[in-house]
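K.L.:
Numbering (UniProt numbering), first residue to last: 1 to 670.
Shown below is the structure under consideration.
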Amino acid sequence: MNPFPSFPTFSISINTRKDNPEVTTPIHFICLLIFVLTLYQFPYILIYLVLTKHSNNLIHNHKFITMAVIGGASSIGVHGWGDMKSLSTQVITGRWFVVFASFFIMAAAGATYMFGLYSPEIKKTLGYDQSTLNLLSFFKDFGSNVGVLSGLINELTPPWVVLAIGAVMNFVGYFMIWLSVTERVAKPQVWLMCLYICIGANSQSFANTGSLVTCVKNFPESRGVVLGILKGYVGLSGAIITQLYSAIYYDDTKALILFIGWLPAAISFVFLRTIRYMKPVRQPNEVTVFYNFLYISLGLAGFLLVMIVVQKTVHFTQSEFGVTAAIVVFLLFLPVAVVIIEEYKTWQSKKFALVDPSPVKIVTEEVTTMANGITVSEPKVNETVLTKDTRWWENVFSPPNRGEDYTILQALFSIDMLILFISCICGVGGTLTAIDNLGQIGASLRYPKRSTSTFVSLVSIWNYLGRVFSGFASEYFLTKYRFPRPLMLTLTLLLSCVGHLLIAFDVKDGLYVASVIIGFCFGAQWPLLFAIISELFGLKYYATLYNFGSVASPLGLYVLNVKITGHLYDKEAKEQLAALGIQRKEGQELNCVGVNCFKISFIIITAATLFGAIVSLILVARTRKFYKGDIYKRFREEAKVAEAEMKGVEKRSNTGEDAKVVQHVVPSTN
């Protein structure tokens, strides 16, 4: 069905079947073109709208009027195309725009969490039983979480290479699945479908490594906040993509697979060269800016939650979905206003420093202090250069103190990593099993079919809330009360046991509550896991260690989902068919109805999660002294040195007149 009947669409012809020699497939190039152009132009539009008013407010502020009179009033504010070009360059190349671009990439990188929405189409079209579908689910999560390759590539290449590889993999993998489900190619064998979904899902690890790891290294002192909000957008991606897909393809579930194939790839290519490493410089209002981002994302999450409730009770037409999708896109772009304001402040402070001679003395004193600081710290720098770096194969079982930079093998063979790994195998594996089987759980417990999309959206929203809560809350309690992150991980695992028990015993309307709890706990575990890894083992090899931590998810999923949940589901379904005197035919869909389909499975999952919580308490005890100290002290000192060096370079690159003023002022300060 063509959702845009009044517009021409391009088609491709694939001759694959004798009974259907030519099958045409509408490809919505127009939608993609409009979306990409919007991504490019929106920041420039907001620069005009936001900065015109913002600049006037600052100019009329008494403090800036005084400064302008001293240094030249005509130089303050945005005047003419020259200033606009300079400001635009500052915005596009600034560190905050890297964060904004990462928001977009993360908002489209969670397509794997929508498996419960399109898995019934795969099961129905290809005639899979539950064990086969769960095997497919395992390879999906195996691909999305085993990102060691992306981590190693990221150690050797810039982030844009990682993002480009991920974009290509995403499109190829999901496009082949779409061709298979729509029967435009011959029915593939199971191993081939597993390969397709593994390739497509593995692109998520490339997106995470390319953008998220980059932002953590750019903002090391706010890593919990960075992980929380970026992982939060991944959690929201399911609900975001659902709204956009409904506006473009309406109720064509098979087209959803195509949509999650081209959309993330397009966004990654748009921001390919934006994501890059920048020398971390601590800004006084850094946390405040992230809180502004948080408020906008909370508004987006709130709107999506309202739409989920409304769309559950009211039937929406495609045009009405188009309105909601437009609002979602607007809220996705809104953080760029915060980016522009912050970069405008930075741009104006740099411009003011060049215009007003009075700050030169202040900066010279800072440079003098910097020079003294460098003189004092020179032996330390020389020591670092002369000290032989630990090779990757050396001192594997003699690691440095916690918080320092471990080698990859030192981290992997440490007891702390082993404990963390076991806890997450149990915790993440259990919650992800529940998420991947939501469609089948709802059907077996006789929930309406419309409720399946509601469950997926609820998980997506609360997945987001769990991520931002664990990121921001753990950072706040760690900074203010020295509350250890591993203890918060323990509490999260205990809470998830409640959601598993609600499913096991089929409490009335309990699946709605279970979707909320499981979505929240699943989301909360990821920022905690990745923050703990960065804090205990350092940031030098964080791109690789980050992806090693993700391996816990598919391992837990394989045991709890494929070997336990899928097996017990099929066993119960076959017993029900036998009781009815029906013999299952080869390739026929296998369904189970009743509370017993998942009861024993989720009792086992609850026990495993409880075991993981107990194991995590060992890590709490081992790291108690470490978290009582100042774990960010090293990064604050490095940021101060970097900031001083940056100011020194800026002053030395000034005009000859400014250099003369500096030379004149320096003797007078001695």
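By construction, the Cβ of each residue, glycine as well, lies at the ideal position given by its N, Cα and C atoms.
Restricting to Cα atoms, I'd like to know which of I517, T132, E155, I518 is closest to I564.
P.N.:
It is T132 whose Cα lies nearest to the Cα of I564.
K.L.:
Helix, strand or coil: which one does DSSP assign to F175?
P.N.:
Correct three-state label for F175: helix.
K.L.:
Assign F171 to buried or exposed, taking buried as 16 or more other Cβ atoms, counted over all protein chains shown, within 10 Å of its Cβ.
P.N.:
It is buried - the Cβ of F171 has at least 16 other Cβ atoms within 10 Å.
K.L.:
Output the distance between the C-alpha atoms of L420 and I532, rounded to the nearest integer angstrom.
P.N.:
If you take the alpha carbons of L420 and I532, they lie about 9 Å apart.
K.L.:
Checking 7 Å against the spacing of the C-beta atoms, do T609 and G430 come in under that value?
P.N.:
Their beta carbons are under 7 Å apart, which means T609 touches G430 by this criterion.
K.L.:
Should V516 and L117 be called a contact, given that it needs their Cβ atoms to be closer than 7 Å?
P.N.:
Not closer than 7 Å, so no.
K.L.:
What number of angstroms, rounded off, separates the C-alpha of L305 from the C-alpha of V459?
P.N.:
Approximately 11 Å, taken between the alpha carbons.
K.L.:
Sorted by chain position, which residues of the same chain lie with C-beta nearer than 6 Å to A514's C-beta, five sequence neighbours on each side aside?
P.N.:
Contacts found: G499, L502, I503.
K.L.:
Just checking my contact of G235 with Y464 at CB under 8 Å: how many whole Å lie between their CB atoms?
P.N.:
Yes, they are in contact, since the Cβ atoms of G235 and Y464 sit about 4 Å apart, within 8 Å.
K.L.:
Give the straight-line distance between the Cα atoms of K508 and V615, rounded to the nearest whole angstrom.
P.N.:
Rounded to the nearest angstrom, the two C-alpha atoms are 32 Å apart.
K.L.:
Give, in chain order, every unbroken run of the alpha helix (DSSP H) that is at least 4 residues long and sits entirely within the region 507-571.
P.N.:
Listed in chain order, they are 510-537, 542-550, 552-557.
K.L.:
Assuming T544 and V148 form a contact by the criterion Cβ under 8 Å, report the distance between their Cβ atoms to the nearest whole angstrom.
P.N.:
Right, the Cβ-Cβ distance comes to about 7 Å (below 8 Å), so this counts as a contact.
K.L.:
Throw me the rounded Cβ distance for the Y569 and L511 pair, which I believe falls under 8 Å.
P.N.:
Actually they are not in contact, since the Cβ atoms of Y569 and L511 sit about 16 Å apart, beyond 8 Å.
K.L.:
Where does A109 fall in DSSP's three states?
P.N.:
A109 falls in the coil class under three-state DSSP.
K.L.:
Below 8 Å, how does it come out for the region 313-333 and the region 461-478: are there three or more Cβ pairs, yes or no?
P.N.:
With the cut-off at 8 Å, the region 313-333 and the region 461-478 do not touch.
K.L.:
Might you give, ordered along the chain, the residues of its own chain that have their beta carbon closer than 7 Å to the beta carbon of T454, omitting 5 neighbours on each side?
P.N.:
Closer than 7 Å at the Cβ level, and outside the excluded window around T454, lie I308, K312.
K.L.:
With a cut-off of 8 Å, do at least 3 Cβ pairs link the region 219-234 to the region 122-137?
P.N.:
Too few Cβ pairs lie closer than 8 Å, so no.
K.L.:
For the alpha helix (DSSP H) containing I275, name the first residue and the last one.
P.N.:
That residue, I275, is in no alpha helix (DSSP H); it is neither H nor E in DSSP.
K.L.:
Beta-carbon separation of C194 and F139 under 7 Å?
P.N.:
A contact, by the Cβ cut-off of 7 Å.
K.L.:
For chain C, check one thing: does any of its Cβ atoms lie closer than 7 Å to the Cβ of G510?
P.N.:
The structure shown has no chain C; it contains just one protein chain.
K.L.:
Out of D251, C521, L412, which one is the CA nearest neighbour of G427?
P.N.:
Of the listed residues, the one whose Cα sits closest to G427 is C521.
K.L.:
By how many angstroms is the C-alpha of L212 removed from the C-alpha of I275?
P.N.:
Their Cα atoms are separated by approximately 9 Å.
K.L.:
What did DSSP end up calling R467 once you bin it into helix, strand or coil?
P.N.:
Three-state DSSP puts R467 in a helix.
K.L.:
Quick one: give me the first and last residue of the alpha helix (DSSP H) that H315 is part of.
P.N.:
Per DSSP, H315 belongs to no alpha helix (DSSP H) and is neither H nor E.
K.L.:
Drop a sphere of 10 angstroms on the beta-carbon of Y113, count the other beta-carbons inside from all chains shown, and report buried for 16 or more, exposed for fewer.
P.N.:
Per the 10 Å Cβ criterion, buried.
K.L.:
Is it true that the CB of G200 sits closer than 7 Å to the CB of Y233?
P.N.:
No.
K.L.:
Out of W262, L555, K350, K480, state which residue places its alpha-carbon closest to the alpha-carbon of Q90.
P.N.:
For Q90, the nearest C-alpha among the options comes from K350.
K.L.:
In terms of residues, what are the limits of the alpha helix (DSSP H) holding V146?
P.N.:
No alpha helix (DSSP H) holds V146; DSSP gives it neither H nor E.
K.L.:
Near F477, what residues of its chain come up, given a Cβ to Cβ distance below 8 Å and the 5 sequence neighbours on each side ignored?
P.N.:
For F477, where only same-chain residues beyond five positions count, the Cβ hits under 8 Å are F483, M488.
K.L.:
Since residue 689 contacts P220 with CB under 8 Å, what's their CB separation in whole angstroms?
P.N.:
For the chain, the structure presents residues 1 to 670; residue 689 sits outside this window and is missing.
K.L.:
If you compare alpha carbons, which of K480, L539, Y344 is closest to Y627?
P.N.:
The shortest Cα separation from Y627 among K480, L539, Y344 belongs to K480.
K.L.:
What did DSSP end up calling A186 once you bin it into helix, strand or coil?
P.N.:
Reduced to three states, the DSSP call for A186 is coil.
K.L.:
Could you spell out the range, first to last residue, of the alpha helix (DSSP H) harbouring Y118?
P.N.:
Where Y118 is concerned, the enclosing alpha helix (DSSP H) stretches over 115-126.
K.L.:
Is it buried or exposed, F505, if we count other Cβ atoms within 10 angstroms and call 16 or more buried?
P.N.:
Per the 10 Å Cβ criterion, exposed.
K.L.:
From S203 to A239, what does the alpha carbon distance come to, in whole angstroms?
P.N.:
Straight-line Cα distance between these residues: approximately 19 Å.
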